[in-house]
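Undergrad:
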Amino acid sequence: MIIASRRNLHDMSMRRAPATLSSGSLRVPLLDSPLPSPSLPAALPRQGKKPLPRWLIRLRRLALWIGCLVGIFFCIQSSPWFSRLEPVTPVRTTGSYEIVESDTLPEVAGPILVDDERGRTRWTISLPENLDYPLSPTEYSKICKDAEAMALHLADGKEHSGYYHVDKNYIDIDEAKRRDIIPSKLNGRTPRNVADNVVGGEKYLKMRDTMPVCKKSLTFVMQTEDAGLGATLMGLWMSYGLAKKEGRSFFIDDKNWSYGRYTNYFKQPPLPDCQPPPVSHRTPFPHHARHLLVSSATTQWTFGTKFNEQFESSRKTGADRQKEMFKFLRAGYEALFHIDSDDAKYIEQRMAEIRSSIPKGGGPLISIHVRRGDRHPFEFQYEKSYIPLDIYVDAANELVTSFYNQRSMFSYNINGSSSKKASEAQYRATSSMILASDDPETYSSPEMKGIVKAQSNLVSSGDGPLDGSRDFPEEPSGKSAKIVAKKPQKDPKIDWDGGFFNSIFWSLGDTSLIPSAEGSPSASQGTSSVFPPHRVVRESEYERLRFNPSPEALRLRELVAKTYLTDLSLLAEGDGVVCAVSSTTCRLLAVMLGWNKAISHGAWKNVDGKIDWMAIV
């Protein structure tokens, strides 16, 4: 094999010639050395172009640097800090999401991906300003699911624990709009329709241009797909307590609430001295967002497992483990549960009437709450039925005995009784019990004979009108929605038994013809009804019935809510409460009694198994 060298002959050193050369023919010095090493400089100067002057080399380098800087400058101008938007499109079949690269924002609310100035992928929440807020509960829940999946994806599947973990990949909405990553026409200012989305918003309209927007806030959205009012109150109170714990300004959004406006039932809540953020800045996820939104659809993220791990005391047992959460609820109750003046006057008069039947120095007033309908007990043997009423009565009698045996241990004096000690029989005889239930049949049951109804002027199913002095156009009965109210003769009456059922509530007051379930009995011809008995609400009708009720439906819902709130207030005035912890109302009553009275002194008694009080939102 022949190996040819590509080296230029002029680069080779000269060897000694075999013949004698004359001095005239000698052009280069004679060298007796091996071939030059390729790593060493050539012994002879190379032939070809002359080397460039140093000043020209420096000039070329300077021009190159200037060109690079100009190119970087134009890149920054064309895409300030971030250059790519990637909306998330959910895949319903798998519950995951796919990333679709785009230069425009999606028209729906949801998480999006962006690239920062270092090329790192970050994420934020896009809430277009042209949408109608608040979004539906389903949409807020979807935002949380998609955002949680996106955050986990960017973290390479590493789920970070801790309720107050800060995701460094997240860019707050305020920051994203300030940098024009997300276009905004408001420039951080509160919109003029703030009164529609915040209770007490009229105050902020007057000072829109002078009052600053809150730095941190928590907004509780009253709109829910759950017809029960108790769950809404639980979430509302817990959200208020959490906001105060975290130093956030607290707002209430009552738009599209199924029961109407907040101020129809309660006095105006405390209003912060700063403006609420625009609705397009309020996000349900992540928790460390500057302006957090909480609704019944997002409680599993705000008040879920990580919330319990953060605020539960692992070294304690029973209800003591959740004392911190109890404090959150109590703070919300004290700040927000102020009944409207007209209803508050009736509650005060009714309680004075009930108390007057107990002689001075007599026994305690025990409140009994019975929940039926679509809420079944936790206890295994009753989970498909209801707890027998005699268990409630026995528990109430046990509570009276406990009051008698331990009255000296109480830090308060029941009814301001005198120092005389009554015998147990006398003490029991002078005690009293009141009852509230969502099922009118409960009031007429033999087990509840002699027990006073929480509200006196009621009409239960099958009963005639009861005399009463309450000067209201509608006078309801029982707990939540399964009530029969005394109203003017021209109005239809609500006539439904069995307790509070979520699906039937949504059809309350709706007169459209919806077919009954197959095999259902025909409607009764004897009484006028708001809607045909045994009517079944189709799933497709739920959206209309929930969030766009007719004026008649809204009026009846208001009646239901006022009935429930009146019962709740009266029961909380008792010296002790007997109820089933599976009911949200039961857990609310413990909060209304207070920690010392309900938990420490045992004035709150659960009949649904051996379960302590717990903060389930």
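Note that our numbering gives residue 357 to position 357 of the sequence shown, counting from 1, and the numbers run on in steps of one.
Virtual Cβ for every residue (Gly too), placed ideally from N, Cα, C.
None of the values given here were measured: they were computed from a predicted structure.
Given a cut-off of 9 Å, decide if Ile-368 and Ala-289 are closer than it, judged by their beta-carbon atoms.
TA: Locating residue 289 in the sequence shown gives position 289, where the first residue counts as 1. Locating residue 368 in the sequence shown gives position 368, where the first residue counts as 1. For Ala-289 and Ile-368, no; Cβs fall outside 9 Å.
Undergrad: Can you tell me the Cβ-Cβ gap for Thr-298 and Ser-141, rounded? I've got them flagged as a contact below 8 Å.
TA: Within the sequence shown, numbered from 1, the residue matching residue 298 stands at position 298. Within the sequence shown, numbered from 1, the residue matching residue 141 stands at position 141. Correct: roughly 6 Å between the Cβ atoms.
Undergrad: His-287: which of Tyr-133, Thr-305, His-165, Lys-562 sits nearest, CA to CA?
TA: Stepping through the sequence shown from its first residue, residue 287 is reached at position 287. When only C-alpha atoms are compared, the closest one is His-165.
Undergrad: Which residues in the same chain have their Cβ closer than 8 Å to the Cβ of Lys-570, if we skip the five residues on either side of it in sequence?
TA: Start at 1 with the first residue of the sequence shown, and residue 570 comes out as number 570. In the sequence under discussion, the amino acid at residue 570 is Leu, which differs from the Lys named in the question. Around Leu-570: Ile-347, Arg-350, Met-351, Ile-354, Ser-367, Ile-434, Ala-436, Ala-454, Gln-455.
Undergrad: Please identify the residue among Gly-499, Leu-508, Tyr-404, Ile-143 whose C-alpha is closest to the C-alpha of Gly-363.
TA: The sequence position of residue 363 within the sequence shown is 363, counting from 1. The shortest C-alpha separation from Gly-363 is found at Tyr-404.
Undergrad: CB-CB under 7 Å to Tyr-240, same chain, minus the five flanking residues each way: which ones, in chain order?
TA: Working through the sequence shown from its first residue, we reach residue 240 at position 240. Counting only Cβ-Cβ distances below 7 Å, and skipping sequence neighbours, we find Phe-250, Ala-331, Gly-332, Ala-335, Leu-336.
Undergrad: Can you give me the start and stop residues for the alpha helix (DSSP H) that Leu-127 sits inside?
TA: In the sequence shown, residue 127 corresponds to position 127, counting from 1. Looking at the DSSP string, Leu-127 is not in any alpha helix (DSSP H), and its letter there is neither H nor E.
Undergrad: Pick out whichever of Phe-378, Ser-444, Phe-285 has its Cα sitting closest to the Cα of Glu-139.
TA: Here the question's residue 139 lines up with position 139 in the sequence shown. Cα-wise, what sits closest to Glu-139 is Phe-285.
Undergrad: When the Cα atoms are used, what is the spatial distance from Ser-550 to Asp-567?
TA: Numbered from its first residue, the sequence shown carries residue 550 at position 550. Numbered from its first residue, the sequence shown carries residue 567 at position 567. When rounded, the distance between both Cα atoms is 26 Å.
Undergrad: So Ser-258 and Arg-587 are supposed to be a Cβ contact under 8 Å. How far apart are they, rounded?
TA: For the purposes of this step, residue 258 is taken as the residue at position 258 of the sequence shown. For the purposes of this step, residue 587 is taken as the residue at position 587 of the sequence shown. Actually they do not touch by this definition, with Cβ atoms about 21 Å apart.
Undergrad: Based on the DSSP secondary-structure assignment, which residues constitute the bridge partners of Tyr-170?
TA: The residue you call residue 170 lines up with position 170 of the sequence shown. According to DSSP, Tyr-170 bridges with Trp-123.
Undergrad: How would you label Ser-689, buried or exposed, when you count the other beta carbons within 10 angstroms and need 16 or more for buried?
TA: Because the chain spans 1 through 617 in this model, residue 689 falls outside it and cannot be assessed.
Undergrad: For the candidate residues Ser-313, Val-393, Arg-375, Thr-430, whose alpha-carbon lies nearest to that of Ser-357?
TA: As a first step, residue 357 is located in the sequence shown; it is residue number 357 there, counting from the start. The candidate whose alpha carbon is nearest that of Ser-357 is Thr-430.
Undergrad: For Pro-359, which residues in the same chain have their Cβ closer than 7 Å to its Cβ, ignoring the five residues on either side in sequence?
TA: Taking the first residue of the sequence shown as position 1, residue 359 is located at position 359. Closer than 7 Å at the Cβ level, and outside the excluded window around Pro-359, lie Thr-430.
Undergrad: At the level of alpha carbons, what is the spacing between Tyr-564 and Lys-145?
TA: As a first step, residue 564 must be located in the sequence shown, where it is residue number 564. As a first step, residue 145 must be located in the sequence shown, where it is residue number 145. Cα-Cα distance, rounded: 33 Å.
Undergrad: If you follow the alpha helix (DSSP H) that His-153 is in, where does it begin and where does it stop?
TA: Stepping through the sequence shown from its first residue, residue 153 is reached at position 153. Start and end: 137–154.
Undergrad: Starting from Asp-643, trace the alpha helix (DSSP H) both ways and give me its first and last residue.
TA: Outside the modelled stretch of the chain, which goes from 1 to 617, sits residue 643, for which no answer is possible.
Undergrad: What would DSSP say about Cys-586, mapped onto helix, strand or coil?
TA: For this step, residue 586 is matched to residue 586 along the sequence shown. In this structure, Cys-586 counts as helix in the three-state DSSP scheme.
Undergrad: Could you tell me which uninterrupted beta strand (DSSP E) segments, each at least 3 residues in length, are contained entirely in the stretch 278–357, listed from first to last along the chain?
TA: Listed in chain order, the complete beta strand (DSSP E) runs (minimum 3 residues) inside the stretch 278–357 are 291–294.
Undergrad: Would you decide whether Arg-375 is buried or exposed? Buried here means 16 or more other CB atoms lie within 10 Å of its CB.
TA: Here residue 375 refers to the residue found at position 375 when the sequence shown is read from its first residue. It counts as buried.
Undergrad: Run through DSSP, which three-state label would Ser-432 get?
TA: If you number the sequence shown from 1, residue 432 lands on position 432. Of the three classes helix, strand and coil, the one that applies to Ser-432 here is strand, per DSSP.
Undergrad: Hey, quick one: how far does the alpha helix (DSSP H) through Thr-232 stretch, first residue to last?
TA: By one-based count along the sequence shown, residue 232 stands at place 232. Note, Thr-232: alpha helix (DSSP H), 229–245.
Undergrad: Mapping DSSP to helix, strand and coil, what is Gln-426?
TA: For the purposes of this step, residue 426 is taken as the residue at position 426 of the sequence shown. Residue state, collapsed to three classes: helix.
Undergrad: Whose C-alpha, out of Met-234, Ser-184, Glu-552, Leu-329, is nearest the C-alpha of Leu-105?
TA: Here the question's residue 105 lines up with position 105 in the sequence shown. It is Ser-184.
Undergrad: If you draw a straight line from the alpha carbon of Ala-147 to that of Asn-197, how long is it in whole angstroms?
TA: Along the sequence shown, one-based indexing puts residue 147 at 147. Along the sequence shown, one-based indexing puts residue 197 at 197. In a straight line, the C-alpha of Ala-147 is about 24 Å away from that of Asn-197.
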